[in-house]
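Trainee: In case it helps, my numbering puts the sequence shown at residues 6 to 549.
Dumping the structure here so I can ask a few things about it.
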Amino acid sequence: MTSAPAATDHSTPIEVDAVVVGAGFSGLHLLWKLRKHGYTTIAFDKGKEVGGTWHWNRYPGARCDVDSHDYSFGFDEELEQDWEWTERYPSQPELQAYLSHVADRFDLRRDIRLETAVTEAHFDENVQKWIVRTDSGDTCIATFCLMAVGCLSVPKDVDVPGLEDYTGPIHRTSSWPEDGVDFSGLKVAAVGTGSSGVQAIPEIAKQAGRLTVLQRTANFVIPARNHELDPAYVADIKANYRERRRLSRSLPAGCIRDDNPKTAFEVSDEERRAEFEKRWEGGGIAFLGAYSDLMVDQKANDAVSDFIRAKIDEIVTDPDTADSLKPYGYPMGAKRPVVGTDWYETFNRDNVELVDLRKRPLDRFTDKGMRLADGTEYEFDAVVLATGFDAFTGAFTSMDIRGRGGRTLTEAWSEGPKTHLGLGTAGFPNMFIIANVGSPSVLANMVTAIEQHVEWTIETMDHMRDNGFTTIEATEDAQEAWVHTVEEIADTTLWPQGQSGSWYRGANIDGKPQIFMPYAGGIVLYEETWNEVRDAGYKGFVLR
Ligand code: N01
6 MTSAPAATDH STPIEVDAVV VGAGFSGLHL LWKLRKHGYT TIAFDKGKEV
56 GGTWHWNRYP GARCDVDSHD YSFGFDEELE QDWEWTERYP SQPELQAYLS
106 HVADRFDLRR DIRLETAVTE AHFDENVQKW IVRTDSGDTC IATFCLMAVG
156 CLSVPKDVDV PGLEDYTGPI HRTSSWPEDG VDFSGLKVAA VGTGSSGVQA
206 IPEIAKQAGR LTVLQRTANF VIPARNHELD PAYVADIKAN YRERRRLSRS
256 LPAGCIRDDN PKTAFEVSDE ERRAEFEKRW EGGGIAFLGA YSDLMVDQKA
306 NDAVSDFIRA KIDEIVTDPD TADSLKPYGY PMGAKRPVVG TDWYETFNRD
356 NVELVDLRKR PLDRFTDKGM RLADGTEYEF DAVVLATGFD AFTGAFTSMD
406 IRGRGGRTLT EAWSEGPKTH LGLGTAGFPN MFIIANVGSP SVLANMVTAI
456 EQHVEWTIET MDHMRDNGFT TIEATEDAQE AWVHTVEEIA DTTLWPQGQS
506 GSWYRGANID GKPQIFMPYA GGIVLYEETW NEVRDAGYKG FVLR
């Protein structure tokens with residue numbers, strides 16, 4: 006196995022078996038496994054440090070909402086045993102430390118070029134290789150191009166009227182300053198109340214002199230109930246880690262969640278209320294597992310939605326503010342569930358004001374602050390944007406990716422991203438996509454979803470090497486069928502009713518083609534499908 010040239014030498018083309026775009030969870034796992042299987046490789050990442058999503062989203066309060074012991078790699082038992090998670094849900098700093106440790110521990114850094122963005126990837130049909138270029142001037146020639154770019158890596162363009170006139174500092178949660186921001190005593194505006202805003206706003210409120218929260222759509226926010234981990238609990242997990250991983254892989258969400266097999270109305274009103282109450286107190290996404298029909302039966306969903314709205318009334322002291330914070334018009338869970346700490350409680354603070362943009366529309370931002378349509382003027386010392394991402398496809402369309410015949414990926418995906426099983430797309434041979442569009446990715450434990458894809462990618466590369474194949478490529482028919490399957494599965498749930506404005510469909514961005522992007526069938530059914538495809542000779546892919 007040879008290594009890439011030194012990071013300072015940009016003139017010599019780097020020839021490797023596989024180029025990896027991104028050094029977050031997916032990229033690091035790929036590097037580890039590629040090496041194990043004897044492939045030469047190099048990864049590029051635009052960050053100053055490895056970590057991907059977890060490197061950039063370092064805003065105050067940033068934290069995962071999957072349990073630490075599940076949101077971690079299962080590929081190395083010693084790593085599992087050595088690493089000490091300290092909290093129920095890992096914070097961004099802890100996740101960053103973990104990923105940096107993984108890069109060091111397995112000596113992955115020698116094949117990673119940081120602060121280097123891939124700008125183009127062109128498939129050269131003459132040599133049947135990918136020619137990849139970076140903004141540092143590197144050229145890389147690779148048989149395989151492995152896209153480990155993450156689902157939420159490119160922020161949505163700013164579409165807040167007048168913000169270009171605002172002269173104060175603007176901080177985006179998705180690229181938070183490395184040294185943090187001191188909001189002490191400042192008048193701050195925060196735009197956006199999705200998962201990022203819900204995590205950042207309560208922390209900023211503790212510091213700011215005055216915080217104005219601009220909310221367009223209210224979310225159902227479930228309390229996280231994060232806490233430090235009890236050493237006895239950790240010891241128990243470590244003693245049974247293999248079994249825990251095996252079990253996680255056998256469950257649709259790719260992690261252990263206490264799902265109740267009962268339906269909401271087969272129990273009495275008291276029992277249902279007690280179950281919701283128990284789960285609200287327990288905190289986290291497990292709330293969604295209260296009854297098996299919450300996401301398929303509107304009446305069951307109404308029951309859980311009413312429960313949360315009643316909780317908002319209980320917590321928030323000002324009735325108007327409580328009213329504005331209550332979500333209506335879509336089923337609970339039909340947009341990405343939001344998990345937060347002290348979210349509703351934050352609106353009882355004297356220094357926090359909620360501006361409900363549906364009741365009091367924004368006219369525009371001004372040089373010093375903002376003006377509402379009713380003429381009210383605000384001045385701000387800083388603005389925080391938690392306005393979301395150009396999800397799934399953003400990272401692809403921001404690069405110049407060209408496949409057969411020089412066709413760009415942007416053109417190929419002009420009606421929305423089309424893939425076969427989320428792994429490959431027609432016209433782009435040997436380009437594997439890791440845990441992104443068309444796969445369970447964000448609807449499951451991302452790390453489990455990543456592990457599936459990394460295993461299948463390398464397994465396929467091994468198959469090609471062992472059998473003398475040069476290229477693998479999805480067929481148009483297979484990917485049309487898969488797009489249909491992904492939509493069809495989503496349609497069996499209440500998901501489609503929550504898709505107005507949702508990034509799952511690309512509906513948060515004006516003009517973005519709308520297609521339900523993640524696969525809602527869960528990782529078990531997905532794995533069965535992959536096994537069938539592979540055992541049928543990679544059905545829907547052409548091997549040459
Ligand atoms: O982005 P979002 P996010 N004017 O798109 C509002 C993951 N994540 O970064 O809904 C005013 O969800 C927008 O309003 P509306 C997780 O998967 C996970 O928060 O369009 N408002 C919305 O309120 C999550 O789902 C974790 O009406 C504007 C917000 O901005 C995903 O990342 C933590 C606006 C955007 O919400 C994305 O979450 C953080 C405008 N012009 C993130 N434009 C955890 O693991 C947008 N908005 C816990």
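The C-beta atom is built at its ideal place from N, Cα and C for all residues, glycine as well.
If you're wondering where the values come from, they're calculated on a predicted model, not measured in any experiment.
Take the Cβ of tyrosine 509 as the centre, count every other Cβ of all protein chains shown within 10 Å, and call the residue buried at 16 or more, exposed below.
Mentor: Position 504 of the sequence shown holds residue 509. Looking at its Cβ environment, which holds 16 or more other Cβ atoms inside 10 Å, tyrosine 509 is buried.
Trainee: Name, in chain order, the residues that DSSP records as bridge partners for aspartate 263.
Mentor: Within the sequence shown, the letter at position 258 stands for residue 263. BP columns for aspartate 263 are empty, so no partner.
Trainee: Compare the Cα-Cα distances from glutamate 282 to each of Thr121, Ala308, Glu233, Asp467 and report the closest residue.
Mentor: Counting from 1 along the sequence shown, the entry for residue 282 is found at position 277. Among Thr121, Ala308, Glu233, Asp467, the Cα nearest to that of glutamate 282 is on Ala308.
Trainee: Indicate whether alanine 220 and tyrosine 335 have their beta-carbon atoms separated by less than 8 angstroms.
Mentor: What you label residue 220 is simply residue 215 of the sequence shown in a count that begins at 1. What you label residue 335 is simply residue 330 of the sequence shown in a count that begins at 1. Sequence check: residue 220 is glutamine here, not alanine. No; because the gap between Cβ atoms is not below 8 angstroms, this pair is not in contact.
Trainee: Quick check: threonine 413 and aspartate 405, are their CB atoms within less than 8 angstroms of each other?
Mentor: Within the sequence shown, residue 413 is the residue found at index 408, counting from 1. Within the sequence shown, residue 405 is the residue found at index 400, counting from 1. Result yes, Cβ atoms of threonine 413 and aspartate 405 sit closer than 8 angstroms.
Trainee: Does the Cβ of arginine 262 have 16 or more other Cβ atoms within 10 Å, making it buried, or fewer, making it exposed?
Mentor: Numbered from its first residue, the sequence shown carries residue 262 at position 257. With 16 or more other Cβ atoms within 10 Å, it is buried.
Trainee: So, do the region 24-33 and the region 47-61 have three or more beta carbon pairs nearer to each other than 8 angstroms?
Mentor: Yes, they touch.
Trainee: Can you list, in chain order, the stretches of the beta strand (DSSP E) that have 3 or more residues and sit fully within the region 275-335?
Mentor: Here no run is fully enclosed.
Trainee: Given a cut-off of 8 angstroms on the beta-carbon distance, is the pair serine 171 and aspartate 372 in contact?
Mentor: Along the sequence shown, one-based indexing puts residue 171 at 166. Along the sequence shown, one-based indexing puts residue 372 at 367. In the sequence as presented, serine is not what sits at residue 171; that position holds tyrosine. In this structure, aspartate 372 lies closer than 8 angstroms to tyrosine 171 by Cβ.
Trainee: To the nearest angstrom, report how far apart arginine 278 and glutamine 484 are at their CA atoms.
Mentor: On the sequence shown, residue 278 is found 273 positions in, with the first residue counted as 1. On the sequence shown, residue 484 is found 479 positions in, with the first residue counted as 1. Straight-line Cα distance between these residues: approximately 44 angstroms.
Trainee: For a test of your reading of the model: does the CB of glutamine 584 fall under 7 angstroms from any non-hydrogen atom of ligand 1? Yes or no.
Mentor: Summary: the structure shown does not reach residue 584, with the chain confined to residues 6 through 549, and so no result is reported for it.
Trainee: Taking 7 angstroms as the cut-off, is the C-beta of tryptophan 61 nearer than that to any heavy atom in ligand 1?
Mentor: Within the sequence shown, the letter at position 56 stands for residue 61. Answer for tryptophan 61: no, Cβ out of range of ligand 1.
Trainee: Under three-state DSSP, which class holds tryptophan 550?
Mentor: The question about residue 550 has no answer here: the residues shown for the chain are numbered 6 through 549.
Trainee: What I want to know is whether the C-beta of threonine 453 ends up closer than 7 angstroms to one or more non-hydrogen atoms of ligand 2.
Mentor: This structure does not include ligand 2; its bound ligands are ligand 1.
Trainee: For threonine 430 and alanine 479, which I take to be in contact (beta-carbon distance under 8 angstroms), what is that distance rounded to the nearest angstrom?
Mentor: As a position in the sequence shown, residue 430 is number 425, starting the count at 1. As a position in the sequence shown, residue 479 is number 474, starting the count at 1. Confirmed, about 6 angstroms.
Trainee: For serine 8, count neighbouring Cβ atoms within 10 angstroms of its own Cβ and tell me buried if that reaches 16, exposed if not.
Mentor: Along the sequence shown, read from residue 1 onward, the residue named residue 8 stands at position 3. Confidence at serine 8 is low in this model, with a pLDDT of 47, below 50, so the placement of that residue should be treated as unreliable; the coordinate-derived value is given next. Classification of serine 8: exposed, given that the 10 Å Cβ count is below 16.
Trainee: Within 10 angstroms of its Cβ, does threonine 346 collect 16 or more other Cβ (buried), or is it exposed?
Mentor: The count along the sequence shown starts at 1 and reaches residue 346 at position 341. It is buried - the Cβ of threonine 346 has at least 16 other Cβ atoms within 10 Å.
Trainee: If you count every other CB in all the chains shown that lies within 10 Å of the CB of leucine 359, and 16 or more means buried, which is it?
Mentor: Position 354 of the sequence shown holds residue 359. So leucine 359 counts as buried.
Trainee: Compare the beta carbon distance of threonine 475 and arginine 549 with 8 angstroms and say whether it is the shorter of the two.
Mentor: Taking the first residue of the sequence shown as 1, we reach residue 475 at position 470. Taking the first residue of the sequence shown as 1, we reach residue 549 at position 544. Yes; because the gap between Cβ atoms is below 8 angstroms, this pair is in contact.
Trainee: Verify the contact flag: tryptophan 508, CB atom, against every heavy atom of ligand 1, threshold strictly below 7 angstroms.
Mentor: Within the sequence shown, the letter at position 503 stands for residue 508. Indeed, a heavy atom of ligand 1 lies less than 7 angstroms from the Cβ.
Trainee: For the candidate residues Asp471, Arg470, Asp22, whose alpha-carbon lies nearest to that of leucine 151?
Mentor: Within the sequence shown, residue 151 is the residue found at index 146, counting from 1. Nearest of Asp471, Arg470, Asp22 to leucine 151, Cα basis: Asp22.
Trainee: Would a C-beta distance cut-off of 8 angstroms place aspartate 246 and glutamate 85 closer than the cut-off?
Mentor: Against the sequence shown, residue 246 aligns to sequence position 241. Against the sequence shown, residue 85 aligns to sequence position 80. What sits at residue 246 in the sequence shown is tyrosine, not aspartate. Taking 8 angstroms as the Cβ cut-off, tyrosine 246 and glutamate 85 qualify as a contacting pair.
Trainee: Looking at glycine 393 and ligand 1, is the gap between the Cβ and the nearest heavy atom below 7 angstroms?
Mentor: Residue mapping note: residue 393 aligns to position 388 of the sequence shown, counting from 1. Indeed, a heavy atom of ligand 1 lies less than 7 angstroms from the Cβ.
Trainee: Alpha carbon to alpha carbon, how far is valine 301 from aspartate 386?
Mentor: Taking the sequence shown and counting its residues from 1, one reaches residue 301 at position 296. Taking the sequence shown and counting its residues from 1, one reaches residue 386 at position 381. Roughly 45 angstroms between the two C-alpha positions.
Trainee: I need the boundaries of the alpha helix (DSSP H) containing phenylalanine 30, first residue and last residue.
Mentor: Stepping through the sequence shown from its first residue, residue 30 is reached at position 25. It spans 30-41 - the alpha helix (DSSP H) in which phenylalanine 30 sits, taken as one unbroken run.
Trainee: Write down every uninterrupted run of the alpha helix (DSSP H) in the region 194-243 whose length is 4 residues or greater and which is fully enclosed by it, in chain order.
Mentor: The qualifying runs are 200-212.
Trainee: Hey, is phenylalanine 260 close to ligand 1, as in C-beta under 7 angstroms from one of its heavy atoms?
Mentor: Locating residue 260 in the sequence shown gives position 255, where the first residue counts as 1. Note that residue 260 corresponds to cysteine in the displayed sequence, not to phenylalanine. No.
Trainee: Measure from the alpha carbon of arginine 118 to the alpha carbon of each residue in Val107, Pro98, Asp143, Glu125, then state which is nearest.
Mentor: Looking up residue 118 in the sequence shown gives position 113. Of Val107, Pro98, Asp143, Glu125, the residue nearest in Cα terms is Asp143.
Trainee: Would you call methionine 6 buried or exposed, if buried means 16 or more other Cβ atoms sit within 10 Å of its Cβ?
Mentor: By 1-based counting over the sequence shown, the position of residue 6 is 1. Since pLDDT at methionine 6 reaches only 38, below the 50 mark, its modelled position is unreliable, and no value is offered.
Trainee: Leucine 299 to valine 388, Cα distance in whole Å?
Mentor: Residue mapping note: residue 299 aligns to position 294 of the sequence shown, counting from 1. Residue mapping note: residue 388 aligns to position 383 of the sequence shown, counting from 1. Looking at the two C-alpha atoms, the distance is approximately 37 angstroms.
Trainee: Would you kindly work out how many angstroms separate the C-alpha atoms of lysine 211 and isoleucine 317, rounded to a whole number?
Mentor: Position 206 of the sequence shown, counted from the start, is the residue given in the question as residue 211. Position 312 of the sequence shown, counted from the start, is the residue given in the question as residue 317. Distance between the alpha carbons of lysine 211 and isoleucine 317: 20 angstroms.
Trainee: Can you tell me the Cβ-Cβ gap for serine 310 and phenylalanine 225, rounded? I've got them flagged as a contact below 8 angstroms.
Mentor: Here residue 310 is taken as the residue at index 305 of the sequence shown, counted from 1. Here residue 225 is taken as the residue at index 220 of the sequence shown, counted from 1. Confirmed, about 7 angstroms.
Trainee: Relative to the C-alpha of leucine 157, which candidate in Asp187, Ser180, Thr139, Ala269 has its C-alpha closest?
Mentor: Position 152 of the sequence shown holds residue 157. The shortest Cα separation from leucine 157 among Asp187, Ser180, Thr139, Ala269 belongs to Ser180.
Trainee: In the DSSP assignment, the alpha helix (DSSP H) including aspartate 109 goes from what residue to what residue?
Mentor: Start at 1 with the first residue of the sequence shown, and residue 109 comes out as number 104. It spans 97-110 - the alpha helix (DSSP H) in which aspartate 109 sits, taken as one unbroken run.
Trainee: Quickly, what does DSSP pair arginine 376 with across the bridge? List them, please.
Mentor: Translated into the one-based positions of the sequence shown, residue 376 becomes position 371. Note: arginine 376 sits in a beta bridge opposite Arg369, Glu382.
Trainee: For leucine 256, verify whether its CB is less than 7 angstroms away from any heavy atom of ligand 1.
Mentor: On the sequence shown, residue 256 is found 251 positions in, with the first residue counted as 1. Checking every heavy atom of ligand 1 against the Cβ of leucine 256, none is found closer than 7 angstroms.
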